[in-house]
Every structure is written in structure tokens, then in C-alpha cells.
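Quick note, the sequence shown lines up with residues 7 to 845 if you use this note's numbering. Let me begin by presenting the structure, written as C-alpha cells, before commenting on it.
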Amino acid sequence: MDYQMALLAVSENGEALLDVPPALLSGAEGYELCLKAVQNDVSGFILSRVPKCYLTGDRGKALCKAAVVFNGHAIKYVPKRMLSKTLVSCALEKPAPTREYRDFCGTPIHQGPDGNQFTSPLSFIPKRFISREIVEMAVRSYPISLQDASSEFISKELCMWALDQDPMNLEYIPSPDSPLIEYAIDKKTPSDNEDPCPLLSIGLCRRALQRNPELHIDTLPSQIQEQLKAEGLIASPDSIITITPIKSAIPYCKDKTLFRIPKTISKDSHFIYDLTEGDGPARTLYYITDLHLEFQIEKAGKNGNSEHDVAYEAHNYTEDDIRKRIKRKLKTLVNSADNQYDMLLIGGDVANSIELESIFYEELTSHDGWKGEIVCILGNHELIADGTKTCSPRKCTAGESIDEIVSAYRKAIGPRATLLENQLYMLYKGRKRVVLDEADIINSSVDELTEACNMSSMLILGGIGFSGLNPIYNANSILYNSSMTLEEDVARSKRFRAVYEKVLTCAENLRVIVLTHTQMADWSTDAYNPKGIYVNGHTHQNTLLLDKSGVILSDNQIGYAPRPWKLKGFNLDIRRVDIFASYPDGAHQIGHDQYIEFNRCMGISVQSCKYPGEIYALKRCGYYMFILKDGERLYLLVGGRRNKLTHEIDYYFEHLPVYVDRVQGAFGPYQNALHMIADEVKQFGGSGTEHGCIVDIDYFNHIYLNPFDGKLTPYFAWDMDNKITFKTVGQLLNGSPFLLQESSMLERYKKLSKRRALPMLSGHDNDNEGMATIPSLVLDRAIYKPSRIMRSIQYLFDQNIIRLWRDEILSFDPSIANTQLIYAIEQAEQECNETSGNY
């Protein structure tokens, strides 16, 4: 990659700066590349990846200002010494930018602030800059700022302005009074010609009545009134359910037998355990525990020293020495993952001091560090307070409570990772990151927490766990804070167990990741939950259990003896949140906002649906079809677009099961082949994202599976028109003009091919072709038409949504090839385009 290519890339998308070679970044034109990148960064985090040498002096100030002017969320990464009132105002002047682009099937994709779409820049601004003027500016650009502002800076007029924009902003207002609550509900009252159901959420009404049981509810929709009566919120407000923490004495601790890690596992193995339960899309989570930095940043046995002597020698290092050594260890850790944008779980005992732990997370999330989300917990070593020498000027002291110590670590780690202690991490509706603390979990009703869990696509319960049930290795014998007694150890074990049992009760049929430092036997005598995934450490004895009784991943504990840090991981199904799951089969009239929310919860990007008319959700046997009725005309809704339909609604509802069966019979084998290709791409480090007939290796490199002849075409594409095709995947990895992680991907591909671990991909490679074959240049979109059709069909397999209806499929003969059906669909589309122009 040369300077011009890099400049073009960052001008189109600031995140491309992540892929610019270090030699270019450190060269004479590196500053200009960084400046152009932050001026086109809709994610908001690229400023954190800018080399520190460019963040000094006037040039650094100019670069930071350019970043926050374009995207206020970049204020999060501005060095504290460069913050000013002017810069803060620039960050709050306008909402965060978004960018729309189209995938290779023509589907519009909207990109916004990475991981910040549910936060405001105000949450990243130091208190010394906060004023009434700043808060008002923040709220008018980001209403969610209300939840981050002190009540002294929030006026009633500002709250009412926020409610005028969207009554659902009520949830951001701290402790709203009754007039504000009633004002929000009045704003949500439907007009005579509106369907009331989509305009009011049961959650808003429930919260309002819990805050003020005297509210008038006559204007609420009857459906919501009935549900609130069933919950006891209307008939008798005093009957709101509360939960008391579970009380239990310390029972006898039974021995737990686990399987040790087989020694036959190769050291080169990526240790990605497949915990998926279906054939749909999946995500990878990585994990590691017990890093013990004091022992790991020097080689054990130096000069004949013991491991503990080595730990004390490490305390004599300067901060620069410590950072250099941690960076070397982290380089191995980060490179051991196939994808650094996945989630990382860290299971405690990172270090014995707050300062050292803070340095670790700073380096872990630095320019060349981990780019995905990090969820972590503390271990017993973080709580230590003793008289030993430490490299940290700030350490825990004997007088501090456990809660004070946890709070200090939380402040030191900051936004770099989500630290859990008796808390539940929820990916609510597949989009919003929510953390419920211990009080929220215990005091919520079973129905409320169950609803929240069912509406979340990922659940992680995290905390130290403690060791009150261990008769030997408890607070009397293992390292904790010196003020930690056995009684407190027992009490805290009970507290975590109460939270654990409450969550499992409410998430009965869901996969819950239980991230603790101590083993489950140390805080509970229950059997493992078969749906649970238990990630822990503490013992320094790597164990693994993968069977129907439970999944225990205690097999990546680093321990005291210095050794390379390598991640292990597991694949989980991506759980889609179905907001209509409780609806019976039938044709249900829904609101436009409900339609948009359903798509987003199912992982489909839909920004708006502005067509006039009524929307009907056809649900039958778990499958959906959305129809727009505008007067006498009917349309099939396809994301934010509509396609004409020719029959009545009853026709589609009646034929929906047969249609689904025909599609699955015709295209199921092809989908299975596509999944296998995607899995193999992931094995050698590629993305493996599927869309239509295409599997992505990365943003520029792809593999096309021809539905007509079953042949694979690896290709490189700058855009939809200009492509370079290669005869084999190996040739693409070797000769692509631009490929992320080029050398590592090619090396892994060769190794896996030799082991015959890539039957779909390497089976299509011809060894006699050589790696120097001249690729072909293609200047058309021929591959995208069948791919667009297959992408529409793919929604039925992945999200149970029908987004393409052709009557020809109902009469399809399963004995003929599906290629004939694709030809028929293409012909029907062409005829529709000629007659209606609505496609």
C-alpha cells in the first residue's frame, strides 16, 4: 500500500487507518493521513489509534479539534491536557454523523458511532467543563445526555423539550416527577386515526405507574391496560412484586470432578470451542484468566531466582520498562485471535495493584491492541493489601472495604472495559449494552427481569464469586484484603449466589455466560446449569468440561510461571430478539416504529419506513412476512423498500407454510454449502460474513459461489463494478492488491490445506495452476443479480423472514435443480420491473 492508496481509503472511511502500514503512519505524510482519517470517522474511536507523536503541540490540537468537529464522540479520546471549553462545545454542537453504504447485494447499510450509539459525548467530558449551558447543548444534540447530567443543570423546560422530540426520552430523565410522567404519556396518546398499540410501550407505562400509582390510565390502550391489570399495577399498586435475596446456610462442599486438558492438543490450535446449537450465524468470544503481571513481565528462573523472587524484582522496574514488557506479552495475546474485533473476557487476577492493572488495560486497548469489546472481573489478587514492595504508588489498603476497592479499580479501568461485580451485562434487543447491578437484579420482579432477559441477545453474569463454601481455601488461607474475614467471604458468596439464582430463574431457557474468578463449588452447591457457560480460573489448574451437564471453561489460566499469553475462545449462536414472540399466528396490524424495531432486533439495518398506509405482520409457524396496505394496493416490505403484491393478505397467510417449505427444499443445500465455505474462511482468519452468494474474506476480498454451476470464484473488488478474479483462493491470498493480515492468512491457509482441513476451498484449488497465474479483470455486475436474490432468500433461513415472494416457488418441483427456479425468479423480476417500476 502506498500513500495515495492509503489517503483514498481513509478519505472514504476513517477506520481504514487501522490497516495503514506502520511505515506509512510514521513517515513524513503520516500526520496528513491521520488528519484525513479523523475527519471521516463515523465510528468516533479512530483518534485513539493515532500515534501519540501526533498528539502534541499545535498540530495535536488541530487534529483533536478536527476529530470532535466531525464526531463529538471523539472527545472521549482527546488527551486530557488538550481539553478546553471550546473543544467541548465543538463536540456537542451537532449529532453524531452516520454513513450509508450498500453491500454487494445493494442493501443499504448505516454505520454510526462504534459502541457509542447509546451514549452521549457528555459522559466523556470532565466535570470541570460541565455547566448548564453545556448540558443544554448536549441534550439538544443527544437527548440521552439527560442521564449523564447532574440534576442541578437540568431544567424542567429542557426535559419537556426532550419529551416533545420523543416521549421515550422519559427514561433518560433522572427521577422525573408526576407532571413530567403525565406529559410524556399525553404525548404518546394516539390520535383518532392512529393505531394505539405501537405508540405506547408497556415498559414506559409500567415505569410511570411504579413511580406514581395515582396516574390516570383511562387513555391507555386496552391491550396495555389488561397487561398492567394482570401484573397488579392498576388494580392494586401495592402488590408490585419484590424479591428478597436467597438465604442459605453453608452446606457441605461436595467434591467436583473435572476433566483435565488432554496433552495431545496441539500448541498451534486456536482452541475455539464450538458451542453453537444451530446452523445460523455465530459469534466468537475469547477468554483468559490469572495473568499475574508481577510474575509474567520477567523470565522465571533468572539468576536462579524463584517465581516469587522474580515478582519482587519486577516491582523495581520503571513504568516505561513495565509498559514495554506488557506490550510484548500483549502482542502475542492479540495475534493469537483470529479476529481482534470480537468480545474478550478477562477472568481476574490480572495484577496485585491498581496502577499496574490500569497500565495493562491502557496497553491492551492501545493503537495496536484489542479492538473489540472487553468484559472483565476482578480476582482475589486485586484485593490484596499487604506490606510487600509494589511498583504502584496506589495500592489497596487494609482499611478499605471490598466495595471501595472495586470502585477504585472501576475508576482506573474506566471506559476501556466493562468491569462486572455481581452485575449482569445484557445486549438488550441485540443493540443496547445494559449493565444491571446487584440491587437492580434482586429488587426487580421475576416478570420484569424475565422480560429483559428474553429481549437480550447476550447475557453475562460477572463477579469474583468468592470462596465462602470452600472448607479449606477461603479467606482464612488465600490472599484477599487483610480486612477480609471468613464471615465476609461467606456473606459475599451468598450474595453472588442469590444474584446467580435469580438470573437463572429468569433466563431459564437462555444461554448465560457466568464469568467468575473462583470455581462454582466455592460459592454454590447446585449442579451446573446445562444452558450455562462457566468461565473461571483461580486454581491455576487448567480444566475443561464440555458435555450435556454443563460447559466449564477453566482452561486458560496463565498462572505464575511466565509463558506466552494466548487466547482461547468459543463460538455462540447469535440470538435474535423477536419482539413479536408472544403474538399468536395471524395477521397483526402493527405500527411503523414496531416494524423498524423488529428488524433492528433481528440484526437488520432499517433506518426508516416512511411509506403511508397500514403495516400487517403475518406470523405463522414462527415465520414472518410484512405487508404494507396503502388504500387498495398491497406491498411486501423489504427493509426500507416495498415491492408490489398481487393477491389479498389472506392468500399470503394461507400459503406461507408451503412457501417456506418449498424455499427450504430448493435452497437448503446451497445455504449449507455457503455456511461451510464461511466456516473455512473463518478458520484461516477471514471474516466469513455471508450475504447472498458471497462470503467475505475482508472488506475487499470475497468468494462467490455460483448457484448455477456450484463453482467458486475468489475475487478482489474496489467497488461493485471493478473486480479482479482469481482461479483459486490461494492465488487471491497471495496476489490481492489489498488484503488485511495478508501473510498470516496465507500461511494459515497453506497449513490448513495441507492438513485437508479446508475441503470446500482447497478442493477447488488446482495445484498445477501455480501462485503466479495472471488474474482476470471484470468490469460488470453480473454476479450480483443472483446474489441479491439469494440474499433475499437468506433472510428466511437466518431470521425467519420472507422478503421475496414469487408464486413460481409454490409450484416448484423439488426434483428439478434450484438453478431453474433462480432463472424463473429473474425472469419474473424483469417482467415486474417492466410493468411496475417499483423494484
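We treat Cβ as the ideally placed atom computed from N, Cα and C, and that holds for glycine. Keep in mind that this is a model prediction, so the values were computed, not measured.
Within the DSSP bridge table, the entry for residue 696 names 701 as partners. The beta carbon of residue 768 lies closer than 6 Å to those of 759 in the same chain, with the five residues before and after it left out.
DSSP lists 644 as the beta-bridge partner residues of residue 647. Within the segment 454-517, the alpha helix (DSSP H) runs of at least 4 residues that lie entirely inside it are, in chain order, 492-512.
Cβ-Cβ distances below 8 Å link residue 41 to 68, 69 and 72 in the same chain, with the five nearest sequence neighbours on each side left out; the list follows chain order. Taking C-alpha positions only, residue 382 is separated from residue 424 by approximately 6 Å. Taking a contact as a CB-CB distance under 8 Å, the pair residue 516 and residue 459 counts as one, their CB atoms being some 6 Å apart.
Listed in chain order, the alpha helix (DSSP H) runs fully inside the segment 560-631 are 598-607, counting runs of at least 4 residues. Residue 744 holds the alpha-carbon nearest to the alpha-carbon of residue 8 among 744, 277 and 478.
Beta-bridge annotation (DSSP): residue 711 is paired with 718.
Judged by beta-carbon spacing, residue 690 lies within the 8 Å limit of residue 754, meaning their Cβ atoms are closer than that value. The residue from 58, 16, 19 and 104 with its alpha-carbon nearest to that of residue 611 is 104.
Distance check between residue 277 and each of 291, 670, 330 and 421 places 291 closest, using alpha-carbon atoms only. Three or more beta-carbon pairs drawn from the segment 586-595 and the segment 608-624 are found closer than 8 Å, and the two stretches are therefore classed as touching. Beta-bridge partners of residue 146 (DSSP): none assigned. Taking 8 Å as the upper bound for CB-CB distance, residue 699 and residue 720 are not in contact here, some 13 Å apart. Apart from sequence neighbours up to five positions away, the residues of its chain that approach residue 806 with a beta-carbon distance below 8 Å are 628, 629 and 630, ordered along the chain. Contact annotation, residue 683 with residue 655: C-beta distance approximately 38 Å; criterion of less than 8 Å not satisfied. Take the alpha-carbon of residue 797 and the one of residue 708: they are about 15 Å apart.
Between the C-alpha atoms of residue 189 and residue 157 there is a straight-line separation of about 19 Å. Note that the C-beta distance between residue 39 and residue 12 is below 8 Å. A check of alpha carbon separations from residue 409 across 448, 489 and 563 identifies 489 as the nearest. Here the alpha carbon of residue 26 sits roughly 15 Å from the alpha carbon of residue 377. Counted as a single uninterrupted DSSP element, the alpha helix (DSSP H) harbouring residue 43 occupies residues 36-44. By the criterion of at least three beta-carbon pairs nearer than 8 Å, the segment 170-181 is in contact with the segment 133-153. Listed as beta-bridge partners of residue 98 by DSSP are no residues whatsoever. Within a 10 Å sphere around the beta-carbon of residue 492 sit fewer than 16 other beta-carbons, which makes this residue exposed.
Counting only residues of its own chain and dropping the five nearest sequence neighbours on each side, residue 510 has a CB closer than 8 Å to the CB of 518, 535 and 538. Residue 66: member of the alpha helix (DSSP H) spanning 63-76, first to last residue.
Taking the Cα of residue 569 as reference, the smallest distance to any Cα among 154, 15, 144 and 303 is reached at 303. Comparing alpha-carbon positions, the option among 413, 62, 561 and 127 lying closest to residue 428 turns out to be 413. Straight-line spacing of the CA atoms in residue 86 and residue 711 works out to 51 Å. Within the segment 427-456, the runs of beta strand (DSSP E) at least 3 residues long that lie entirely inside it are, in chain order, 429-434 and 438-442.
Here the alpha carbon of residue 482 sits roughly 29 Å from the alpha carbon of residue 448. Assignment of residue 293 by DSSP, reduced to helix, strand and coil, places it in the strand class. By the 16-neighbour rule on beta-carbons within 10 angstroms, residue 476 is buried.
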